[in-house]
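In the working numbering, the protein residues as written are 122 to 640. In this text, a Cβ means the ideal position worked out from N, Cα and C, and glycines have one as well. If you're wondering where the values come from, they're calculated on a predicted model, not measured in any experiment. Have a look at the structure below before the remarks.
Listed below in structure tokens is the structure:
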């Protein structure tokens, strides 16, 4: 195995190939399977994540310490001795067994330096940014939602020794590990089954980012970040536009923002963004809906919003009270839609474009009345709802079979007409499945149509006047499509079934009569 050389000629850590990293992570998970405290990938991935998180931070701190020394600047450590990875984890023969478990879990423990003090998690949860390092707040928030469920300190030491073989200082290794981490996230989502969130398929995320096209200098928000899929994809998209040190600083410090109140997705989101190159992710650990809508001003607004907000959930009365009286609802998707509309900047962005959003919504949002219709009326009158992409069945398999759509709107003025694009299933397919998910290439025709719009078998437009007259029912079917029996209105569906039943009865009578005649 080739080793890289440091500038002084000494051997650096060996490069970890994709195959080696995959093998390393697999063997770490095999070790975890032996521990009685862990129950499936839902427990194993978070454990592996917080261990990698601490190794990553220590590698990053050592790099920054060296850079500060070279430039003669004072370095402030986010984590101090003896709580740094290098103090308690780096030595493969270091603390293990009950001593290791006590150091990690206990409020007070004997530290690796032999003195008594707070345990590792107790110390990390107590960190604050009073020294001017915002990463301390991030670390404290991450570890407030983390527990160590492993019961064997010896198996835990084995896993720590495996993770010690990952080097977070090489861009190539980070890229490889980021890809492996994404595959682990997918496995965890599959393991979550019904208790999991509706995670957005990568193909849909990438399509939404590509056509919304965030530009460097614009701020990007996902108010329902989950494990960070939209933010990672937006970061990748923007990274290609970086040309100067100032560009890099802007991308790192001022561009990507998220919000995720659940502790496990928050940890996974932080790690996902760190692995893809964002040094200090700005992810708010609170509920994005906790602020009064009327108090969100221009300084709180952003240029681009990309999100798949939770739907089917219900918010408590206190949260509903943050919304105007005639727009209050328990339906999470409708509250998020209002928040997204409010959070878009009214002025053009630094790139000279209108602030814009791409939002995944369930079918019910398109045809909903009452509060839902009032929200859509505002969307049509105060925003430019230029496109609704109707996604095919099973895109979100196996999490939900609910039909979904993507709303694309911006701040360029009121809507004059809405374009619909019906994304077809690939030829010969009736559905997507977990093993055969949607692929990004399937959006190729839609992306070619995007900039040069004409009506065709997949695309049609509806004047806003027609939509307003229909009480803002946006559930418009493709006028060129074959009638879909499943999507007929309920009363028509019932009539159709009744007619078919009567026809069957009539045919049976005819058959019986014919049999009677020939007997």
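Practice problem: State the DSSP-derived secondary structure class of residue 605, mapped to helix, strand or coil. | Solution: Low local confidence applies: a pLDDT of 48 at residue 605 is under 50, so the model's placement there is unreliable, with the coordinate-based value given in what follows. In the structure shown, residue 605 adopts coil according to DSSP, grouped into three states.
Quiz item: With burial defined as no fewer than 16 other Cβ atoms inside 10 Å of the residue's Cβ, what is the status of residue 366: buried or exposed?
Solution: Note on residue 366: under 16 other CB atoms within 10 angstroms of its CB, so exposed under the neighbour-count rule.
Quiz item: Helix, strand or coil for residue 512 per DSSP?
Solution: Here residue 512 sits in coil by DSSP.
Quiz item: From this set, 249, 486, 466, which residue's C-alpha is nearest residue 457's C-alpha?
Solution: It is 486 whose Cα lies nearest to the Cα of residue 457.
Quiz prompt | From 441, 566, 388, residue whose alpha carbon lies closest to that of residue 268 | solution = Minimum Cα-Cα distance from residue 268 among the listed residues 441, 566, 388 corresponds to 388.
Self-check item: Identity of the residues DSSP links to residue 584 by a beta bridge
Solution: Partner(s): 538.
Quiz item: residue 478 bridges to which residues according to DSSP?
Solution: DSSP lists 426, 530 as partners of residue 478.
Quiz item: Quick one: Cα of residue 452 to Cα of residue 302, how far?
Solution: In a straight line, the C-alpha of residue 452 is about 32 Å away from that of residue 302.
Quiz item: Can you give the Cα-Cα distance for residue 376 and residue 368, rounded to whole angstroms?
Solution: Taking the straight line joining both Cα atoms gives about 10 Å.
Quiz item: Does DSSP put residue 543 in a helix, in a strand, or in coil?
Solution: The answer is strand: DSSP assigns residue 543 an E or B state.
Practice problem: Please say whether residue 283 and residue 494 have beta carbons closer to each other than 7 Å? | Solution: Not in contact: residue 494 and residue 283 (Cβ atoms no closer than 7 Å).
Exercise. Express the C-alpha separation of residue 446 and residue 586 in angstroms, rounding to a whole number.
Key: Answer to the nearest angstrom: the Cα atoms are 26 Å apart.
Quiz item: Are residue 506 and residue 512 close, meaning C-beta to C-beta below 7 Å?
Solution: Residue 512 is positioned such that its CB atom lies no closer than 7 Å to that of residue 506.
Exercise. Would you mind stating whether residue 152 and residue 280 have Cβ atoms separated by less than 7 Å?
Key: In contact: residue 152 and residue 280 (Cβ atoms closer than 7 Å).
Exercise. Could you check the C-alpha separation between residue 236 and residue 176 for me, to the nearest Å?
Key: About 23 Å.
Practice problem: Please go through the same chain and pick out, in chain order, the residues whose beta-carbon is closer than 8 Å to the beta-carbon of residue 174, but skip the five residues on each side of it. | Solution: In its chain, beyond the 5 residues on either side, 263, 388, 391, 392, 395 have a beta carbon closer than 8 Å to the beta carbon of residue 174.
Quiz prompt | Option nearest residue 380 by Cα separation, candidates 362, 539, 370, 402 | solution = Cα-wise, what sits closest to residue 380 is 402.
Self-check item: Residues near residue 607 in its chain [Cβ-Cβ closer than 7 Å; skip 5 each side]
Solution: With a pLDDT of only 49 at residue 607, under 50, the local geometry of the prediction cannot be trusted, and no value is derived from it.
Exercise. Have a look at 620, 201, 385, 429 and flag the residue whose alpha-carbon is nearest the alpha-carbon of residue 256.
Key: Checked all of 620, 201, 385, 429; the closest Cα to residue 256 is 201.
Quiz prompt | Of the listed residues 532, 536, 534, 561, nearest to residue 545 (C-alpha basis) | solution = Among 532, 536, 534, 561, the Cα nearest to that of residue 545 is on 561.
Practice problem: Pick out whichever of 210, 418, 480 has its Cα sitting closest to the Cα of residue 467. | Solution: If you compare the alpha carbons of 210, 418, 480 with that of residue 467, the shortest gap goes to 418.
Quiz item: Taking all protein chains shown into account, do 16 or more other C-beta atoms lie within 10 angstroms of the C-beta of residue 464, making it buried, or fewer, making it exposed?
Solution: Buried is the label assigned to residue 464, since at least 16 other Cβ atoms lie within 10 Å of its Cβ.
Quiz item: Does the Cβ of residue 459 have 16 or more other Cβ atoms within 10 Å, making it buried, or fewer, making it exposed?
Solution: Burial call: buried.
Quiz item: By how many angstroms is the C-alpha of residue 416 removed from the C-alpha of residue 410?
Solution: Note on geometry: alpha-carbon atoms of residue 410 and residue 416 lie some 12 Å from one another.
Self-check item: Chain-order list of residues whose beta-carbon lies under 6 Å from that of residue 581 (same chain, five-residue window excluded)
Solution: 541, 600.
Practice problem: Only counting runs of 3 or more residues, tell me where the beta strand (DSSP E) segments fall wholly within the region 429 to 496, in order along the chain. | Solution: Taken in chain order, the complete beta strand (DSSP E) segments of 3 or more residues contained in the region 429 to 496 are 477 to 483.
Exercise. For residue 498, collect the residues of the same chain with a Cβ closer than 8 Å to its Cβ; drop the 5 residues on either side in sequence, then sort them by chain order.
Key: Sequence-distant Cβ neighbours of residue 498 in its own chain, meaning closer than 8 Å and more than five residues away, are 589, 593.
Exercise. List the DSSP bridge partners of residue 230.
Key: In the DSSP output, where bridge partners are listed per residue, residue 230 has 238.
Quiz prompt | Residues of its chain near residue 359, where Cβ-Cβ distance is below 7 Å and the 5 sequence neighbours each way are ignored | solution = Contacts found: 335, 337, 372, 376.
Quiz item: From which residue to which residue does the alpha helix (DSSP H) around residue 326 run?
Solution: Membership of residue 326 in the alpha helix (DSSP H) is indicated by the continuous run 323 to 333.
Quiz item: In chain order, what residues of the same chain lie with their CB nearer than 6 Å to the CB of residue 145, ignoring the 5 residues before and after it?
Solution: For residue 145, the CB contacts under 6 Å within the same chain, skipping 5 residues up- and downstream, are 283, 286 in chain order.
Quiz item: What does DSSP give as the partner residues of residue 525 in its beta bridges?
Solution: In the DSSP assignment, the residues bridged to residue 525 are 483.
Quiz item: Can you round the beta-carbon distance between residue 525 and residue 480 to whole angstroms, since I take them to be within the 8 Å contact cut?
Solution: So it is not a contact: roughly 11 Å between Cβ atoms.
Self-check item: Under the three-state DSSP convention, the category residue 548 falls into
Solution: In the structure shown, residue 548 sits in coil (DSSP, three-state: anything other than H, G, I, E or B).
Practice problem: Tell me where the beta strand (DSSP E) around residue 380 begins and ends. | Solution: For residue 380, the enclosing beta strand (DSSP E) stretches over residues 377 to 380.
Quiz item: From residue 443 to residue 573, what does the alpha carbon distance come to, in whole angstroms?
Solution: Between residue 443 and residue 573, the C-alpha separation is close to 41 Å.
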